[in-house]
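S.K.: One structure coming up, written as structure tokens, with questions to follow.
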Amino acid sequence: MVQARVARLSIAGELGFEISCPVTMHATLRDTLLAAGEDLGLAEIGYYALNALRLEKSFGIWSREFTQGYTPGQTGLDRFIAFGKSDFIGREAALKQREAGSGQCLVTLEIDALDADASGFEPVWH
């Protein structure tokens, strides 16, 4: 038996669950889940597969798509800022950019081609 917290969410953009338990119980939890799901075809996937699913859903994460090099307005995260709250660091700059527009924004580029795989972080010029 493993005591764990289960959240119905997933960075893959599909129905999924994130399970947290003490690190000392990870192997037991993994073995228990794989055994319980064997008849249902439960299988493990790797980090790169999960990352590909995340990117297909345009699900950005901190330190990859969202970094200190981008403003909330550029990433679309400004919609989560409570501008009506009292003053906070960066409020004036974020308001100014919201009113004027950032001139740049993070987008998902979809290419319909079988031989156009990007290896990562290539610029797209227009």
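Going by my numbering, the first residue of the sequence shown is number 20, and it counts up by one from there. Where a beta carbon is used, it is the ideal one built from N, C-alpha and C, also for glycine. It should be emphasised that the depicted structure is a prediction, and the values quoted were computed from it without experimental measurement.
1. What is the DSSP secondary structure of F36, counted as helix, strand or coil?
2. Hey, would you say Q116 sits closer than 7 angstroms to G92, going by beta carbons?
3. So the candidates are R27, A71 and V21; which of them puts its Cα closest to the Cα of R49?
4. Apart from the five residues just before and just after L28, which ones in its own chain have a Cβ nearer than 8 angstroms to its Cβ?
5. Across which residues does DSSP place A62 in a beta bridge pair?
6. Quick one: what does DSSP say A26 is sitting in, helix, strand or coil?
M.R.: On the basis of the supplied data:
1. Coil, per DSSP.
2. For Q116 and G92, yes; Cβs fall inside 7 angstroms.
3. V21
4. Answer for L28: G35, F36 and E37, listed in chain order.
5. A62 is not bridged to any residue.
6. strand
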